[in-house]
């Protein structure tokens, strides 16, 4: 039986990927951040998942404005790296798992989650930066990756509650797959940040800390945070945190916090990271 | 027209909602084309000619030429598409964000290194006026 064994929450700030790609990780600006992810990389190497389900958002790269799916599951064999405007990141192409993705689609839709099926898709920093942070810079990614793209670009994003419920449905879907697989679910984006308008640069460490605390203590509370509260308290782009709730939902009722890291800044972002194991 | 827009009360912020997305559709589709290197080159070679291929309003066209970032947000550009214009100019997200705040990039980076902007005084328009 396939099992969701753990969840990873992490920011996916594009500047982090650029720092790695341009050899800047030892610079004073970046060193504390990459040091903070070292224990996480060790945990990931030890955990060695067979499959990662990567909950992230596309930033107007795979999807233009013709079609904006709320929940889109990547069912392809390969996902090429997008050129977001400065050339593609020099990282390996992402290998999917079409058979398992097809199973997830069937299970989720019959479980009343109306997923969009994506058979060709480029992936951007929202997906590749978390891979880099947790797996480093290998020649090939060490596991297969199923992308789950959530619309957080055009308001409204799906609510935290809906994301949490979809996570729970993903847990059920994974458990009904016969192959013996270790699955880790990522929730990416956030934490507090705003990258637009005169209010750009907003951060809220108090909000972020409470969010990190309650991922293990009281995820139900987090699932009831209304969209306006993210926007007002934690910045226009902090709405990405609903994707962390999708990850949390997939871990089942109990999750134990294994590691956390918090750091300001990466570009305009308060970077947060957490590892939770399903119990 | 969606009646309930509580986010319109957040100062210094343009939430990319359905109405703004509709107004900005062609603007954002123009920005999307800057994902490709040959388009970036063609745009920089003759911005007006390149823009003529898209159904932009005069105000949108002028704001692109002037790199009037906040005006572009107001006219329906979404920030992630707008970033492609900054990248085409050889600039970063951080540069674009600093321009939107009216700070120099150095001042903006300094603010972030000190922990970023506190939400105090920035939660609502009325709170902003008192501040």
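Chains as they are written, first to last, in this note's numbering: chain A, 9 to 287; chain B, 564 to 694.
We put the beta carbon where it would ideally sit given N, CA and C, even for glycine.
On a predicted model such as this, the values are computed, not experimentally measured, just so you know.
ask   = Is the beta carbon of residue 283 of chain A less than 8 Å from the beta carbon of residue 267 of chain A?
value = One-based indexing of the first chain puts residue 283 of chain A at position 275. One-based indexing of the first chain puts residue 267 of chain A at position 259. Their beta carbons are under 8 Å apart, which means residue 283 of chain A touches residue 267 of chain A by this criterion.
ask   = Could you give the distance in angstroms between the alpha-carbon of residue 16 of chain A and the alpha-carbon of residue 251 of chain A?
value = In the first chain, residue 16 of chain A corresponds to position 8, counting from 1. In the first chain, residue 251 of chain A corresponds to position 243, counting from 1. Approximately 11 Å between the Cα atoms of the pair.
task = Would you check if there are 3 or more beta carbon pairs closer than 8 Å linking the region 162 to 178 of chain A to the region 91 to 107 of chain A?
result = no
query = Can you tell which of A:162, A:80, A:124 has its C-alpha closest to the C-alpha of residue 235 of chain A?
reply = Numbered from its first residue, the first chain carries residue 235 of chain A at position 227. The shortest Cα separation from residue 235 of chain A among A:162, A:80, A:124 belongs to A:162.
query = Quick one: what's residue 286 of chain A bridged to in DSSP?
reply = By 1-based counting over the first chain, the position of residue 286 of chain A is 278. DSSP lists A:263 as partners of residue 286 of chain A.
ask   = How about the region 564 to 578 of chain B and the region 255 to 265 of chain A: do they share at least three Cβ pairs that are nearer than 8 Å?
value = no
query = Quick one: complete alpha helix (DSSP H) runs, 4+ long, within the region 90 to 172 of chain A?
reply = 106 to 118, 133 to 143
Inter-residue CB distance, residue 574 of chain B and residue 207 of chain A (contact presumed, cutoff 8 Å) = Here residue 574 of chain B refers to the residue found at position 11 when the second chain is read from its first residue. Here residue 207 of chain A refers to the residue found at position 199 when the first chain is read from its first residue. Their Cβ separation, rounded to whole angstroms, is 6 Å, which keeps residue 574 of chain B and residue 207 of chain A in contact under 8 Å.
task = Can you grab the Cα-Cα spacing for the pair residue 229 of chain A / residue 222 of chain A, in whole Å?
result = Along the first chain, one-based indexing puts residue 229 of chain A at 221. Along the first chain, one-based indexing puts residue 222 of chain A at 214. Distance between the alpha carbons of residue 229 of chain A and residue 222 of chain A is about 8 Å.
task = Could you pull the start and end residues of the alpha helix (DSSP H) that residue 24 of chain A belongs to?
result = If you number the first chain from 1, residue 24 of chain A lands on position 16. Residues 22 to 29.
task = Could you give the DSSP three-state label for residue 222 of chain A: helix, strand or coil?
result = Indexing the first chain from 1 puts residue 222 of chain A at position 214. Helix at residue 222 of chain A.
ask   = Mind pulling the chain A residues with CB within less than 9 Å of residue 580 of chain B?
value = Numbered from 1 along the second chain, position 17 holds the residue referred to as residue 580 of chain B. Simply 162, 163, 164.
request  = Below 8 Å on the Cβ atoms is my guess for residue 72 of chain A versus residue 613 of chain B; work out the distance and round it to an integer in Å.
outcome  = For this step, residue 72 of chain A is matched to residue 64 along the first chain. For this step, residue 613 of chain B is matched to residue 50 along the second chain. Their Cβ separation, rounded to whole angstroms, is 17 Å, which puts residue 72 of chain A and residue 613 of chain B out of contact at 8 Å.
inquiry  = Per the DSSP calculation, residue 67 of chain A is bridged to which residue(s)?
reply    = Residue numbering aside, residue 67 of chain A sits at position 59 when the first chain is read from its first letter. According to DSSP, residue 67 of chain A bridges with nothing at all.
inquiry  = By DSSP's criteria, residue 62 of chain A is part of a beta bridge. Which residues make up the other side?
reply    = Sequence index remark: in the first chain, residue 62 of chain A carries index 54 (1-based). Paired residues: A:155, A:194.
inquiry  = Rounding to the nearest angstrom, what Cα-Cα distance links residue 82 of chain A and residue 174 of chain A in this structure?
reply    = For the purposes of this step, residue 82 of chain A is identified with residue 74 of the first chain, where counting begins at 1. For the purposes of this step, residue 174 of chain A is identified with residue 166 of the first chain, where counting begins at 1. Each residue's alpha carbon lies about 16 Å from the other.
ask   = Where does residue 207 of chain A fall in DSSP's three states?
value = As a working note, residue 207 of chain A is residue 199 in the first chain. Looking at residue 207 of chain A - three-state DSSP - the assignment turns out to be coil, as it is neither helix nor strand.
message = Contact defined as beta carbons within less than 8 Å: I believe residue 93 of chain A pairs with residue 660 of chain B. What is the distance between those atoms, to the nearest angstrom?
response = By 1-based counting over the first chain, the position of residue 93 of chain A is 85. By 1-based counting over the second chain, the position of residue 660 of chain B is 97. With 8 Å as the limit, residue 93 of chain A and residue 660 of chain B do not qualify as a contact, their Cβ atoms being about 15 Å apart.
task = Run down chain A in chain order and give the residues with a C-beta less than 8 Å from the C-beta of residue 650 of chain B.
result = As a first step, residue 650 of chain B must be located in the second chain, where it is residue number 87. Residues of chain A passing the Cβ test: 92, 93, 94.
request  = Tell me whether residue 271 of chain A sits in a helix, a strand or coil according to DSSP, three-state version.
outcome  = Taking the first residue of the first chain as position 1, residue 271 of chain A is located at position 263. DSSP places residue 271 of chain A in strand when its eight states are reduced to three.
ask   = Hey, residue 194 of chain A and residue 138 of chain A: beta-carbon distance below 8 Å or not?
value = Residue 194 of chain A sits at position 186 when you count from the first residue of the first chain. Residue 138 of chain A sits at position 130 when you count from the first residue of the first chain. The answer is yes: Cβ separation under 8 Å.
task = Please determine, among A:129, A:272, A:148, the residue with the shortest C-alpha to C-alpha distance to residue 198 of chain A.
result = As a position in the first chain, residue 198 of chain A is number 190, starting the count at 1. The option with the nearest alpha carbon to residue 198 of chain A is A:272.
request  = Assign residue 125 of chain A to one of two classes, buried (16 or more other C-beta atoms within 10 Å of its C-beta) or exposed (fewer than that).
outcome  = Taking the first chain and counting its residues from 1, the one referred to as residue 125 of chain A is at position 117. Label assigned to residue 125 of chain A: exposed.
ask   = In terms of alpha-carbon separation, which member of B:624, B:655, B:657, B:648 lies closest to residue 611 of chain B?
value = The residue labelled residue 611 of chain B in the question sits at position 48 within the second chain. Selected option, being the one with the closest Cα: B:624.
query = When the Cβ atoms of the region 617 to 632 of chain B are set against those of the region 587 to 607 of chain B, are three or more pairs found closer than 8 Å?
reply = yes
request  = Determine which residues of the region 631 to 643 of chain B have a Cβ less than 8 Å from any Cβ of chain A, and write them out in chain order.
outcome  = 633, 636, 641, 642, 643
message = Here's the rule I'm using: 16 or more other beta-carbon atoms within 10 Å means buried, otherwise exposed. How should residue 231 of chain A be labelled?
response = Translated into the one-based positions of the first chain, residue 231 of chain A becomes position 223. That one is buried.
key: Endpoints, beta strand (DSSP E) assigned at residue 79 of chain A   = For the purposes of this step, residue 79 of chain A is taken as the residue at position 71 of the first chain. Where residue 79 of chain A is concerned, the enclosing beta strand (DSSP E) stretches over 79 to 82.
task = Tell me whether the beta-carbon of residue 671 of chain B lies closer than 8 Å to the beta-carbon of residue 203 of chain A.
result = On the second chain, residue 671 of chain B is found 108 positions in, with the first residue counted as 1. On the first chain, residue 203 of chain A is found 195 positions in, with the first residue counted as 1. Result no, Cβ atoms of residue 671 of chain B and residue 203 of chain A do not sit closer than 8 Å.
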